[in-house]
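Structure record follows, encoded as structure tokens.
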Amino acid sequence: MTKREFFRLASMGTVFSFLGIRSALGSERKMSEMYKGSFGSCCKDLSDAMKQPPNSFFFVEKNNVLYLTVGYAQTEKGPGWFDQAVIYCPFCGKQLQSREEIAKKARG
Ligand SMILES: [Zn+2]
């Protein structure tokens, strides 16, 4: 299993469990306005964070979902990385993706 595949499995679990909780609550919160530009075009800080470090912890998957690596665990097979899909830009606060969109893309 490549590092990226591990990432994807970890985050799919997170997304689906969140959706489960949300539908159980039965409330549909109105989404704030979504930023439509490509990832990293909302502000210079995100652009730099994605492009400048040689191994940025932000990455865009093949399914066009933006993820952020949030940590890792030591396993017998080496570090296991955890990533989380980014909903809001951590620098300027614009909404970049929705959980529905991510879940749809994760299913392929
Ligand atoms: Zn931004």
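Position 81, counted from 1, in the sequence shown is what numbering that gives the first Met the number 0 calls 80; the numbers after and before it change by one each time, with no gaps.
For glycine and all other residues, C-beta sits at the position ideal for the given N, C-alpha and C.
Check your understanding: With 16 as the cutoff for other CB atoms within 10 Å, does Asp47 come out buried or exposed?
Key -> The sequence position of residue 47 within the sequence shown is 48, counting from 1. Counting the other Cβ atoms within 10 Å of the Cβ of Asp47 gives fewer than 16, which makes it exposed.
Review point. Would you say Leu67 touches ligand 1, meaning its beta carbon is less than 7 Å from a heavy atom?
Key: Counting from 1 along the sequence shown, the entry for residue 67 is found at position 68. Leu67: no, Cβ never under 7 Å from ligand 1.
Review point. Ala84 and Gln73: beta carbons closer than 8 Å?
Key: Along the sequence shown, one-based indexing puts residue 84 at 85. Along the sequence shown, one-based indexing puts residue 73 at 74. Cβ distance not < 8 Å, so Ala84 and Gln73 don't count as in contact.
Review point. Under the DSSP definition of a beta bridge, which residues are partnered with Leu45?
Key: Your numbering for residue 45 matches position 46 in the sequence shown. Leu45 is not bridged to any residue.
Practice item. Mind listing, in chain order, the continuous beta strand (DSSP E) runs of no fewer than 3 residues lying wholly within the region 55-87? Key: Whole beta strand (DSSP E) segments, 3+ residues: 57-59, 65-74 and 77-84.
Practice item. Can you grab the Cα-Cα spacing for the pair Pro89 / Gly79, in whole Å? Key: Residue numbering aside, residue 89 sits at position 90 when the sequence shown is read from its first letter. Residue numbering aside, residue 79 sits at position 80 when the sequence shown is read from its first letter. Spanning the alpha carbons of Pro89 and Gly79 requires a straight line of approximately 24 Å.
Check your understanding: Residues in its own chain within less than 8 Å of Cys42 by CB, not counting five upstream and five downstream?
Key -> The sequence position of residue 42 within the sequence shown is 43, counting from 1. Around Cys42: Cys88, Phe90, Cys91 and Lys93.
Practice item. To the nearest angstrom, report how far apart Asn54 and Asn62 are at their CA atoms. Key: Position 55 of the sequence shown, counted from the first residue, corresponds to residue 54. Position 63 of the sequence shown, counted from the first residue, corresponds to residue 62. Distance between the alpha carbons of Asn54 and Asn62 is about 20 Å.
Review point. Going by C-alpha distance, which of Leu65, Asp82 and Tyr71 is nearest Glu100?
Key: Counting from 1 along the sequence shown, the entry for residue 100 is found at position 101. Of the candidates Leu65, Asp82 and Tyr71, the one whose C-alpha sits nearest the C-alpha of Glu100 is Leu65.
Review point. Quick one: is Asp82 buried, meaning 16 or more other Cβ sit within 10 Å of its Cβ, or exposed?
Key: Taking the sequence shown and counting its residues from 1, the one referred to as residue 82 is at position 83. Buried is the call here.
Check your understanding: Looking at Asp44 and ligand 1, is the gap between the Cβ and the nearest heavy atom below 7 Å?
Key -> The residue you call residue 44 lines up with position 45 of the sequence shown. With a threshold of 7 Å, the Cβ atom of Asp44 counts as near ligand 1, since some heavy atom of the ligand is closer than that.
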